[in-house]
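Reading through the structure tokens given below for one structure.
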Amino acid sequence: MKVLVATEKPFAKAAVDGIRGIVEGAGHTLALLEKYTKVEDLYAAVSDANALIVRSDKVTREVINSAKNLKIVVRAGAGFDNLDLPACTERGIVAMNTPGQNSNAVAELAIGMMIYASRNCFTPGTGVELKGKTLGIHAFGNVGRLVAKLGQGFGMNIVAFDPFVSAEAIRNAGATPVNSIEELYEKSNYLSLHIPATNETKKSVGYELMKRMPKGAVLINTARKEVINEEELVKILEERVDIKYITDIAADIQATLNEKFGVRVFASPKKMGAETAEANINAGLAAANQIIKFFATGDKTFQLNK
Ligand code: NAD
70 MKVLVATEKP FAKAAVDGIR GIVEGAGHTL ALLEKYTKVE DLYAAVSDAN ALIVRSDKVT
130 REVINSAKNL KIVVRAGAGF DNLDLPACTE RGIVAMNTPG QNSNAVAELA IGMMIYASRN
190 CFTPGTGVEL KGKTLGIHAF GNVGRLVAKL GQGFGMNIVA FDPFVSAEAI RNAGATPVNS
250 IEELYEKSNY LSLHIPATNE TKKSVGYELM KRMPKGAVLI NTARKEVINE EELVKILEER
310 VDIKYITDIA ADIQATLNEK FGVRVFASPK KMGAETAEAN INAGLAAANQ IIKFFATGDK
370 TFQLNK
């Protein structure tokens with residue numbers, strides 16, 4: 070079988086070496102398409118591939134149509150909004166992600182962003198400590214749980230909201246479940262966003278929720294820019310000069326935000342939550358292992374389009 074790794078933003082060399090070892094060790098061949106600048110190059114490269122590994126690369130219906138022999142596509146990472154799942158399903162292609170493999174990297178960044186915000190965004194002046202403050206976790210998945218654990222280490226009180234995770238599971242992880250999303254925002258001095266971008270969550274965080282946050286609150290977004298209602302974000306930042314917005318994924322209107330709100334807003338120059346050597350390797354190797362297992366035994370453990 071031919072396994073194509075198509076990465077506009079390539080994996081680290083150690084990850085590629087590891088992927089090659091797994092793929093070739095199982096008797097398959099590996100093809101690499103890195104730093105491609107034209108989507109046509111992806112269409113050509115995928116035309117005879119049986120398996121595809123991508124990072125944030127968009128696997129559109131056009132990509133799927135070009136991939137006549139494709140059986141499986143794996144997004145090396147957690148969020149899978151870059152995969153056209155219906156197009157995969159129509160063609161009987163198994164789509165997977167690699168959940169949990171980059172969670173620690175993202176969780177550490179979220180905490181780093183909290184420290185940055187609590188110390189006046191690294192400008193002179195007196196800051197505050199995280200200890201004793203309330204940290205709200207919006208979505209208690211792989212990343213949210215780790216942020217909760219790290220926050221506990223800083224002596225923070227952790228509250229969490231996730232309609233798909235039981236109150237018992239949240240309590241067992243040392244956090245306090247809240248009854249509603251509104252309550253979560255009312256209680257959180259620091260609110261860390263970990264919801265996936267879905268039809269339900271897109272533009273779901275805006276004025277009505279943020280106006281409930283306590284004085285001096287900070288919203289940390291290491292999830293997706295799409296979950297924020299950007300017009301309403303401007304409105305609340307104008308109205309509440311005490312609130313800060315720190316994000317790993319620049320808003321579409323980031324230049325306007327920077328100009329209007331100065332150090333009260335910050336965006337990573339390029340999304341870097343999962344950009345650690347460890348996460349890169351973990352996600353890449355997991356993707357290769359999932360493909361090998363799928364070809365060997367039909368294993369579909371992390372299938373998204375069931
Ligand atoms: P996950 O799948 O482990 O957890 C997602 C959680 O969201 C689940 O517990 C689910 O129950 C919950 N959820 C779904 N819909 C919800 C809703 N409407 N309200 C509240 N909770 C809801 O994913 P994860 O690994 O924790 O990652 C979370 C998100 O972070 C990903 O979807 C991805 O978009 C983003 N992410 C960003 C980076 C980065 O580089 N910044 C890296 C990894 C993940």
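For the sequence shown, the positions run 70 to 375 when the working numbering is used. For glycine and all other residues, C-beta sits at the position ideal for the given N, C-alpha and C. It should be emphasised that the depicted structure is a prediction, and the values quoted were computed from it without experimental measurement.
Return helix, strand or coil for residue i, following the three-state DSSP convention.
i, result
"Q170", "coil"
"A229", "strand"
"V303", "helix"
"N290", "strand"
"T129", "coil"
"K139", "In the sequence as displayed, the identity of residue 139 is Leu instead of Lys. Here L139 sits in coil by DSSP."
"F32", "This structure does not reach residue 32, given that the chain is present from 70 up to 375, and the question cannot be answered."
"E77", "coil"
"I322", "coil"
"V123", "strand"
"S185", "Correcting the residue type first, residue 185 is Tyr in the shown sequence and not Ser. Correct three-state label for Y185: helix."
"T195", "coil"
"T98", "strand"
"K85", "Reading off the sequence, residue 85 comes out as Val, not Lys. It is helical."
"T106", "coil"
Below 8 Å, is the gap between the Cβ of residue i and the nearest heavy atom of the ligand NAD?
i, result
"D110", "no"
"V115", "no"
"V234", "yes"
"M183", "no"
"H263", "yes"
"N211", "yes"
"H97", "no"
"P168", "yes"
"V85", "no"
"M57", "As shown, the chain starts at 70 and ends at 375. That puts residue 57 outside it, with no answer to give."
"G146", "yes"
"E252", "no"
"E177", "no"
"T270", "yes"
"V230", "It is Phe, not Val, that sits at residue 230 in the sequence shown. Yes, since a heavy atom of the ligand NAD falls inside the 8 Å radius drawn around the Cβ of F230."
"E344", "yes"
"R293", "yes"
"A266", "yes"
"D150", "yes"
"I318", "yes"
"A208", "yes"
"S273", "yes"
"N171", "yes"
From the DSSP secondary-structure annotation, give me the bridge partner or partners of residue i.
i, result
"M165", "V143 and Q372"
"A348", "Answer by DSSP bridge pairing: none, since A348 is not bridged."
"K202", "K202 is not bridged to any residue."
"Y314", "L288 and V334"
"V72", "L99 and A120"
"L152", "V128"
"T245", "V228"
"I180", "DSSP lists no partner for I180."
"I361", "Beta-bridge pairing links I361 to no other residue."
"I297", "V274"
Subject >> Length-filtered (3 minimum) beta strand (DSSP E) runs lying within the region 252-282 >> reply: 259-262
Subject >> the region 216-228 contacting the region 174-187, beta-carbon criterion three pairs below 8 Å >> reply: yes
Original post:
Are the region 189-205 and the region 339-359 touching, with three or more C-beta to C-beta distances below 8 Å?
Top reply: no
Original post:
Would the region 98-117 and the region 366-373 be scored as touching if the rule is three or more Cβ pairs under 8 Å?
Top reply: no
Subject >> Sufficient close CB pairs (3 or more, under 8 Å) joining the region 152-162 to the region 127-141 >> reply: yes
**OP:** Kindly confirm or deny that the region 301-309 and the region 323-339 touch, where touching means at least three C-beta pairs closer than 8 Å.
**Re:** yes
**OP:** Please confirm if the region 268-286 is in contact with the region 228-235, defined as three or more CB-CB distances below 8 Å between the two stretches.
**Re:** no
Original post:
Does the region 311-318 come close enough to the region 138-150 that 3 or more CB-CB pairs lie under 8 Å?
Top reply: no
Original post:
Do the region 185-194 and the region 159-173 meet, that is, are 3 or more Cβ pairs less than 8 Å apart?
Top reply: no
Subject >> Given 8 Å, three or more beta-carbon pairs between the region 260-268 and the region 280-297 >> reply: yes
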